[in-house]
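Visitor: Below is one structure. I have some questions about it.
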Amino acid sequence: MNDARENQRAAWLIRQWTTALARLIETMAGELPKVEWQPAPPGADLSLQSAALAARHGAVLWWEQSFNAAPEAHFWVGAPESTWSPLGAQILKAAGVEEADPAEVRSTWLELLGQSLDQLAGAVGSQLHREVTCPDRNERTNPPPASEFFTVELQLEGGALPPLLAVPGDSLSGVLADPHAPGETALAPAVPGAAAPHAAPNRMLDLLLDVELPVSISFGRTHLPLKETLKLTTGSIVELNRAVTEPVDVIVNNCVIARGEVVVIEGNYGVRIREIVSRQERLRNLR
């Protein structure tokens, strides 16, 4: 029975992580991948699996993430180059970078991976009713010693990528609430290949939702030589690069998020939103 409970906890961690990873890929690359994951067969050797994956699809980049939920609580992810490289390149392309160098692609993958594991920490924290963070993360050249691991396959429009290898550590799995213990919150059942309806909310996100951001409206821009600027006086007219009929930009934190038309509401100016800027354009505006 204990083995079954431990397997359920490990599978729950995988489901939370893969759901977060897929949604981040959708946000950053503009495409929601289909995710399929399976536990490795009993007796499977992680080192042999990693070596076979590297031989077919390029060196496996192993990443170790620690969690402060318990001592020695870790989660490992191994990604072959043929998986992390196209994913990183696709995210950069969505941000307007057509030809990125390998170091930038690698850094982008690690940023994606780090954010997905941060969201996993939020899900674990919600299960434990306390804040869980990721204090340390390190690159590893070899897989960890593990008797249980999972294969994770991401399918994009261009086809399936070589599988990832994921290892939820025993200490991290063990700290989760026992789904059969009285008074504990039961874990949602984890079905291989099934997407979670919603990742558990991050308590830190709840705090961030109350943060106020400056919102401004841009009617247009222009460039003037210094000598023309010095000639400006009261009554001078500066022509902008936007026609009267064109929509104005709605800017939040220096990023254009929407466009709309100017309206007057009880003597005050306002903007009626006509278009929400795509994720790809927002990423380009951030660069």
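The sequence shown begins at 763 in the working numbering and counts up one residue at a time. Don't be surprised by glycine CBs; every beta carbon is placed ideally from N, CA and C.
1) Among G1032, A832, T845, V822, which has the Cα closest to the Cα of S809?
2) Does the separation of the CB atoms of E798 and V914 fall below 9 Å?
3) What would DSSP say about G876, mapped onto helix, strand or coil?
4) Quick one: using the 10 Å Cβ neighbour count with 16 as the cut-off for buried, is L988 buried or exposed?
5) Tell me whether N904 sits in a helix, a strand or coil according to DSSP, three-state version.
6) Given this structure, state the Cα-to-Cα distance separating K855 from V1025, to the nearest angstrom.
7) Please determine, among G858, S980, E860, R892, the residue with the shortest C-alpha to C-alpha distance to A1020.
8) Would you be able to state if there are at least three C-beta pairs under 8 Å between the region 857-867 and the region 801-817?
9) Compute the distance between the beta-carbons of L992 and Q881, then report whether it is under 9 Å.
10) With burial defined as no fewer than 16 other Cβ atoms inside 10 Å of the residue's Cβ, what is the status of H891: buried or exposed?
11) Express the C-alpha separation of A773 and H836 in angstroms, rounding to a whole number.
12) Taking C-alpha atoms, which residue in S888, Q889, T845, V894 lies nearest to W711?
13) Give the DSSP bridge partners of C896, in chain order.
14) Might you give, ordered along the chain, the residues of its own chain that have their beta carbon closer than 7 Å to the beta carbon of V1000, omitting 5 neighbours on each side?
15) Between the region 776-783 and the region 891-901, do three or more beta carbon pairs fall short of 8 Å?
16) Could you check the C-alpha separation between K796 and A784 for me, to the nearest Å?
17) Would you list, in sequence order, the uninterrupted alpha helix (DSSP H) runs of no fewer than 4 residues that lie entirely inside the region 796-828?
18) Using the DSSP secondary-structure output, state which residues sit across from T913 in a beta bridge.
19) Rounded to whole angstroms, what is the Cα-Cα separation between V1006 and E1023?
20) Span of the beta strand (DSSP E) holding I1013?
21) Tell me which same chain residues have a C-beta within less than 7 Å of the C-beta of V867, skipping the five on either side of it?
22) If you draw a straight line from the alpha carbon of A841 to that of N1015, how long is it in whole angstroms?
23) So Q877 and L938 are supposed to be a Cβ contact under 8 Å. How far apart are they, rounded?
24) Between which residues of its own chain and R1036 is the CB-CB distance below 7 Å, once the five residues before and five after are set aside?
25) Can you tell which of L927, N1003, L975, E843 has its C-alpha closest to the C-alpha of G982?
26) Within the same chain, show all residues whose beta-carbon is closer than 8 Å to that of A956, passing over the 5 residues directly before and after it, in chain order.
Guide: Taking the coordinates as given:
1) Taking the sequence shown and counting its residues from 1, one reaches residue 809 at position 47. Selected option, being the one with the closest Cα: V822.
2) Working through the sequence shown from its first residue, we reach residue 798 at position 36. Working through the sequence shown from its first residue, we reach residue 914 at position 152. Yes, they are a contact pair.
3) Here residue 876 corresponds to residue number 114 of the sequence shown, with the count starting at 1. Here G876 sits in helix by DSSP.
4) For this step, residue 988 is matched to residue 226 along the sequence shown. L988 should be labelled exposed.
5) By one-based count along the sequence shown, residue 904 stands at place 142. DSSP places N904 in coil when its eight states are reduced to three.
6) Locating residue 855 in the sequence shown gives position 93, where the first residue counts as 1. Locating residue 1025 in the sequence shown gives position 263, where the first residue counts as 1. C-alpha separation (whole angstroms): 36 Å.
7) As a first step, residue 1020 must be located in the sequence shown, where it is residue number 258. Answer by Cα proximity: S980.
8) no
9) Indexing the sequence shown from 1 puts residue 992 at position 230. Indexing the sequence shown from 1 puts residue 881 at position 119. No, these two residues do not count as a Cβ contact at 9 Å.
10) By 1-based counting over the sequence shown, the position of residue 891 is 129. H891 should be labelled exposed.
11) As a working mapping, residue 836 is identified with position 74 in the sequence shown. As a working mapping, residue 773 is identified with position 11 in the sequence shown. In a straight line, the C-alpha of H836 is about 15 Å away from that of A773.
12) With the chain represented from 763 up to 1049, any question about residue 711 goes unanswered, as that position is not in the structure.
13) Looking up residue 896 in the sequence shown gives position 134. BP columns for C896 are empty, so no partner.
14) Along the sequence shown, read from residue 1 onward, the residue named residue 1000 stands at position 238. Taken in chain order, the residues that qualify are T984.
15) no
16) Here residue 796 corresponds to residue number 34 of the sequence shown, with the count starting at 1. Here residue 784 corresponds to residue number 22 of the sequence shown, with the count starting at 1. Looking at the two C-alpha atoms, the distance is approximately 8 Å.
17) 808-819
18) Here residue 913 refers to the residue found at position 151 of the sequence shown. T913 is bridged to Q800, L927.
19) Mapped onto the sequence shown, residue 1006 falls at position 244. Mapped onto the sequence shown, residue 1023 falls at position 261. Cα to Cα, the separation comes out at about 10 Å.
20) Looking up residue 1013 in the sequence shown gives position 251. Element bounds for I1013: 1010-1014.
21) Locating residue 867 in the sequence shown gives position 105, where the first residue counts as 1. Excluding sequence neighbours, V867 sits near S847, G850, A851, L854.
22) Working through the sequence shown from its first residue, we reach residue 841 at position 79. Working through the sequence shown from its first residue, we reach residue 1015 at position 253. Approximately 34 Å, taken between the alpha carbons.
23) As a working mapping, residue 877 is identified with position 115 in the sequence shown. As a working mapping, residue 938 is identified with position 176 in the sequence shown. Contact flag wrong, Cβ pair sits at about 21 Å.
24) Numbered from 1 along the sequence shown, position 274 holds the residue referred to as residue 1036. Closer than 7 Å at the Cβ level, and outside the excluded window around R1036, lie P1009, R1021, G1022, E1023.
25) Here residue 982 corresponds to residue number 220 of the sequence shown, with the count starting at 1. G982 has its Cα closest to that of N1003, out of L927, N1003, L975, E843.
26) Locating residue 956 in the sequence shown gives position 194, where the first residue counts as 1. Per-residue confidence for A956 stands at a pLDDT of 48, beneath the threshold of 50, marking its modelled position as unreliable; the derived number appears in the next sentence. The answer, listed in chain order, is R777.
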